[in-house]
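What follows is one structure encoded as structure tokens, with my remarks underneath.
Numbering (UniProt numbering), first residue to last: 1 to 535.
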């Protein structure tokens with residue numbers, strides 16, 4: 001845009017001001033237009049679904065299409081990504097549902113895993129029905145809104161697409177290498193099973209996913225019974241007996257939340273209250289449930305969804321109706337129960353990845369390094385003594401009562417030890433690179449860091465997929481450059497606005513100066529004419 005001057009002594013200040021304002025509107029309008037476009041897309045995405053139950057279980061290809069169609073319809077609350085590939089190279093698609101999908105937040109995360117065994121397909125359909133219900137009822141139903149706004153929900157419809165698609169003679173429990181994936185995880189009682197390089201592709205993908213995602217709680221779907229199973233699944237002597245974990249009361253509470261909201265599971269004649277300890281039912285080794293708890297600090301249940309495997313597809317609506325409330329309540333329990341909070345340094349309020357210890361429970365969990373947030377699920381109705389500790393800081397301990405149906409927020413502010421004050425101040429000001437200052441990290445912590453799995457091997461989260469331009473790939477791009485470019489572009493745009501403002505103000509002042517000079521000359525000419533007439 002250019003501003004034309006008729007001549008130097010008669011500039012039009014009104015035109016100049018209007019031109020400057022127009023230029024600013026054009027610049028700022030770029031962001032407004034983008035925001036309006038995104039808002040319009042979000043409104044369109046909220047159109048109610050016309051979900052119908054098909055007369056067959058979706059194939060792997062149909063499942064992928066359904067997931068992509070969901071993210072197109074509900075892109076405002078969803079993100080589609082892969083955690084890896086199956087033995088035969090089929091992508092293991094995962095769906096995240098949140099009000100800020102793909103964004104790290106100090107919120108708990110929950111996951112549902114379906115179709116771990118190829119001949120147990122219910123989970124494939126139920127997670128799709130769950131996602132549709134959440135999208136259709138978000139901002140309408142309090143439960144849907146709670147889950148979307150306060151939780152990051154991850155859904156893996158199939159962990160074993162190869163077993164599901166097997167044709168000889170039909171779907172098989174095991175994967176393409178004829179391995180039962182729920183016997184393939186490292187086990188606490190059998191160290192010889194701990195070599196991760198010998199794990200199946202599906203198992204490694206899930207393990208990396210769990211390590212990188214910091215899930216608070218989880219459940220996997222199975223068939224062949226109707227019960228909520230909780231840890232431990234095995235015993236040291238391979239006997240069938242009750243094997244409680246350190247969090248036994250919390251696991252029984254979570255299993256009770258699921259069974260208590262199911263009209264048939266709660267009334268089970270085989271399992272009191274519709275729940276069971278895994279090893280008390282039958283011992284199992286190499287299972288995903290115990291590995292989640294011991295190595296991922298994730299409270300996982302194994303949910304047996306139906307007495308018969310592979311129920312006729314026309315029964316799926318009935319089964320969904322029976323399980324819907326249970327599925328919602330279990331996910332919501334991650335938010336509605338337990339002790340949640342953040343751990344921060346008293347120097348600059350820096351987040352601390354402290355260890356959270358509950359007295360009487362020999363299993364600790366850690367706060368995140370990014371936000372210092374922790375989410376410790378505990379059975380309600382008790383008083384708990386909670387301690388936050390981290391090397392270099394004084395411990396802090398607090399006792400809290402955990403009521404029914406209500407979580408407790410408990411933040412910790414830790415004071416650094418005298419020898420650590422200078423270090424804490426440097427780190428709080430962002431002047432200290434902890435990764436390169438190895439001497440300040442205790443040897444035990446150095447060893448922990450040296451064994452961390454590289455980010456690129458952890459099934460790291462990918463950004464939201466643009467459905468309009470998406471092309472089928474087994475490894476979606478991570479989009480780090482686009483974040484940098486958007487930030488750089490915003491900085492350049494703000495700088496340009498600032499320059500335009502300066503130029504506009506200078507031009508207007510110059511215009512007023514010229515106009516004032518023209519007024520002085522006009523007054524002088526009038527005085528000269530008056531003098532001549534008087535003479």
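For each residue, glycine too, the CB sits at the ideal point set by N, CA and C.
Cα-Cα separation, residue i to residue j
| i | j | result |
| --- | --- | --- |
| residue 225 | residue 306 | 5 Å |
| residue 189 | residue 314 | 42 Å |
| residue 283 | residue 348 | 50 Å |
| residue 201 | residue 85 | 7 Å |
| residue 364 | residue 92 | 31 Å |
| residue 487 | residue 103 | In this prediction, residue 487 scores a pLDDT of 38, lower than 50, which makes its location untrustworthy; the coordinate-derived value is nonetheless stated afterwards. Straight-line Cα distance between these residues: approximately 16 Å. |
| residue 428 | residue 416 | Summary for residue 428: the model assigns pLDDT 49, below 50, so the residue's position carries little reliability; its value from the coordinates is reported in the next sentence. Using only the alpha carbons, I get a separation of about 12 Å. |
| residue 127 | residue 329 | 14 Å |
| residue 370 | residue 351 | 7 Å |
| residue 108 | residue 323 | 22 Å |
| residue 344 | residue 137 | 36 Å |
| residue 43 | residue 75 | Since pLDDT at residue 43 reaches only 29, below the 50 mark, its modelled position is unreliable, and the value read off the structure follows with that caveat. Going by the C-alpha atoms only, they are around 10 Å apart. |
| residue 228 | residue 291 | 17 Å |
| residue 464 | residue 418 | Summary for residue 464: the model assigns pLDDT 44, below 50, so the residue's position carries little reliability; its value from the coordinates is reported in the next sentence. Those two C-alpha atoms are separated by around 45 Å. |
| residue 119 | residue 396 | 50 Å |
| residue 210 | residue 141 | 30 Å |
| residue 174 | residue 198 | 16 Å |
| residue 368 | residue 212 | 11 Å |
| residue 551 | residue 506 | Past the boundaries of the shown model lies residue 551; the chain is included only from 1 to 535, so the question cannot be answered. |
| residue 303 | residue 420 | 47 Å |
| residue 195 | residue 246 | 25 Å |
| residue 335 | residue 309 | 32 Å |
| residue 286 | residue 134 | 33 Å |
| residue 376 | residue 216 | 8 Å |
| residue 298 | residue 218 | 7 Å |
| residue 230 | residue 256 | 10 Å |
| residue 338 | residue 281 | 27 Å |
| residue 410 | residue 279 | 34 Å |
| residue 407 | residue 374 | 13 Å |
| residue 187 | residue 132 | 36 Å |
| residue 331 | residue 325 | 10 Å |
| residue 191 | residue 71 | 41 Å |
| residue 63 | residue 113 | 14 Å |
| residue 152 | residue 61 | 26 Å |
Nearest neighbour of residue i, chosen from the options [CA to CA]
| i | options | result |
| --- | --- | --- |
| residue 382 | 396, 403 and 111 | 403 |
| residue 272 | 284, 286, 252 and 283 | 252 |
| residue 130 | 321, 503, 375 and 413 | 321 |
| residue 276 | 134, 309, 292 and 234 | 234 |
| residue 222 | 121, 111, 369 and 386 | 121 |
| residue 361 | 385, 367, 343 and 256 | 385 |
| residue 171 | 162, 71 and 55 | 162 |
| residue 65 | 95, 256 and 144 | 95 |
| residue 342 | 295, 244 and 412 | 412 |
| residue 106 | 150, 331, 243 and 407 | 150 |
| residue 248 | 80, 399, 78 and 232 | 232 |
Residue i burial status per 10 Å Cβ neighbour count (16 or more: buried)
| i | result |
| --- | --- |
| residue 124 | buried |
| residue 98 | buried |
| residue 238 | exposed |
| residue 317 | exposed |
| residue 111 | buried |
| residue 241 | exposed |
| residue 293 | buried |
| residue 261 | buried |
| residue 1 | Low confidence applies here, because residue 1 scores a pLDDT of 37, under 50, leaving its location unreliable; read the following figure in that light. Counting Cβ neighbours within 10 Å, residue 1 comes out exposed, since fewer than 16 surround it. |
| residue 206 | buried |
| residue 443 | Here residue 443 scores only 35 on pLDDT, less than 50, and its place in the model should not be relied on; the value that follows carries that caveat. Exposed is the call here. |
| residue 55 | exposed |
| residue 300 | buried |
| residue 503 | exposed |
| residue 177 | exposed |
| residue 220 | buried |
| residue 89 | exposed |
C-beta neighbour in chain B for residue i, strict 8 Å
| i | result |
| --- | --- |
| residue 151 | Any reference to chain B falls outside this structure, which holds one protein chain only. |
- In the region 123-167, which residue ranges form an unbroken alpha helix (DSSP H) of at least 4 residues, counting only runs that do not cross its ends? List check, alpha helix (DSSP H) in window: 142-150 and 161-165.
- Message: At 3 residues or longer, what runs of the beta strand (DSSP E) sit wholly inside the region 169-233?
- Response: Here the runs fully enclosed are 217-222 and 225-230.
- Message: Would the region 352-362 count as touching the region 382-402 if we require 3 or more Cβ pairs under 8 Å?
- Response: Cβ pair count under 8 Å is three or more, so yes.
- Task: Please determine if the region 149-164 and the region 261-270 are in contact, where contact requires at least 3 C-beta pairs separated by less than 8 Å.
- Result: No: fewer than three Cβ pairs fall under 8 Å.
- Task: Report yes or no: do three or more beta-carbon pairs, one from the region 373-380 and one from the region 394-409, lie closer than 8 Å?
- Result: By the Cβ rule, the region 373-380 counts as touching the region 394-409, because three or more pairs are nearer than 8 Å.
- Item | Every unbroken alpha helix (DSSP H) inside the region 49-131 [4 residues or more] | Segments of the alpha helix (DSSP H) lying fully in the region 49-131: 60-73.
- Query: Could you give the uninterrupted runs of the beta strand (DSSP E) lying entirely in the region 261-325, keeping only those of 3 residues or more?
  - Reply: Here the runs fully enclosed are 275-277 and 299-306.
- At what residue ranges does the region 352-401 contain a whole run of the beta strand (DSSP E), taking only runs of 3 or more? Fully enclosed beta strand (DSSP E) runs of 3 or longer: 355-358, 373-376 and 382-389.
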